[in-house]
Each structure stands twice: as C-alpha cells, then as structure tokens.
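These notes are about the structure you will find just below.
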Amino acid sequence: MNSYRHPLFELLASLDTKRIPYNLSRTRPDSVGIFVTSVGMRIEIFVFDDGHLEYSIFEGNEDVLSDRNELLRLLSTFG
1 MNSYRHPLFE LLASLDTKRI PYNLSRTRPD SVGIFVTSVG MRIEIFVFDD GHLEYSIFEG
61 NEDVLSDRNE LLRLLSTFG
C-alpha cells in the first residue's frame, strides 16, 4: 500500500491534532488556501498541487473600528 500523503493533508492533520481552527479556500486551480486566525495574527498558507507551500504572516492590533465612511473608503481601494 502506498504510504505517501500529500503535504496538504499532513498540514491539516497537524492543525487538527493541535486543535487549531482554520478555514479552507480555493481561489486558484493549483492550490488550496488555509487561513489560521488568532488574536493579533493571521497566517495565510497556500499548498500547491506539487506539494510545496507558501505562507504569509499578518500581525497587528485588534482595534475595533466603527467609522463607516472609513470602511467604505478602504473597500473602494479593492479593484
């Protein structure tokens, strides 16, 4: 029996074992995104069909903002 396990499933099993919550996303045909969020940090991980992975770490404060106009301005910068 083949014992090879794709790195995507190895990573998901590790997150599950550590009880780290995550969300999955599919925005590209060659990768799966895994999004891990914790207080003050977000990690975006992309595992590609060839097994390699890339990730980015975003750190910052957890300020709660309520200025609707500022939110609309920020959103208007997207595409």
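Its first residue numbered 1, the sequence shown is counted upward by one per residue in full-length UniProt numbering. Each residue gets a CB set at the ideal place from its N, CA and C atoms; glycine is no exception. In this text the structure is predicted, and so the values were computed from the model without any measurement.
- Under the 10 Å beta carbon count, Ile45 is surrounded by 16 or more other beta carbons and is classified as buried.
- Beta-bridge partners of Val32 (DSSP): Val47.
- In this structure Ile34 is buried. Its beta-carbon is surrounded by 16 or more other beta-carbon atoms within 10 angstroms.
- DSSP, read as helix, strand or coil, puts Arg19 in coil.
- Per DSSP, the beta bridge partners of Tyr55 are Ile45.
- In this structure Val47 does not touch Leu15 by the C-beta definition: roughly 12 Å separates them, more than the 8 Å allowed.
- In the displayed model, Arg5 falls within coil according to three-state DSSP, outside both helix and strand.
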